[in-house]
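What follows is one structure encoded as structure tokens, with my remarks underneath.
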Amino acid sequence: MICPKCGRSLLAREGILQAGRKYHRNCWTCAQCSSPLTSWVRQQSITNEYLCNACHIRKNGLREGMIYVNWQKQTQLLMTLNTKPSTVFDDILLI
């Protein structure tokens with residue numbers, strides 16, 4: 002197999018399989034900030050690039066029910082709202 006990002010070969014047991022393609026672990030990065038990607042990524046339909054959630058939100062804005070908050074303040078915010086998040090990752094809180 003060939004990594005679609007760097008063009009170098011991959012061994013069968015190495016790499017990350019995403020959207021039917023296999024990448025080197027260090028090649029699976031955000032197209033904008035180059036940070037390593039996790040399972041929480043957004044594929045840009047026009048460019049076919051992958052963005053981390055923070056870059057996706059900076060580029061496209063927040064969806065309804067999403068709050069952009071520093072991770073250190075999430076607990077305080079949740080206590081104030083008297084709610085539990087449906088999902089928390091990086092600096093995004095889904096309520």
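Read in order, the letters of the sequence shown correspond to residues 2 to 96 in this note's numbering.
All C-beta atoms, glycine included, are put in the ideal place defined by N, C-alpha and C.
Residues bridged to residue i (per DSSP)
{"i": "I3", "result": "S10"}
{"i": "I58", "result": "I58 pairs with nothing; no bridge assigned."}
Through-space distance from residue j to residue i, alpha-carbon basis
{"i": "C56", "j": "L12", "result": "30 Å"}
{"i": "L38", "j": "G62", "result": "19 Å"}
{"i": "R59", "j": "T30", "result": "16 Å"}
{"i": "S35", "j": "N54", "result": "12 Å"}
Distance cut-off 7 Å: residue i Cβ against heavy atoms of the ligand HEM
{"i": "G16", "result": "Although the ligand HEM was asked about, the structure shown includes no ligands whatsoever."}
Whether residue i touches residue j by CB criterion (8 Å)
{"i": "A32", "j": "L52", "result": "yes"}
Nearest to residue i (by Cα), restricted to the options the options
{"i": "R22", "options": "S36, M2 and K60", "result": "M2"}
{"i": "G8", "options": "H25, S35, I17 and S36", "result": "H25"}
Per-residue burial, residue i [other beta carbons within 10 Å of its own, 16 or more giving buried]
{"i": "N27", "result": "exposed"}
{"i": "N49", "result": "exposed"}
{"i": "C4", "result": "buried"}
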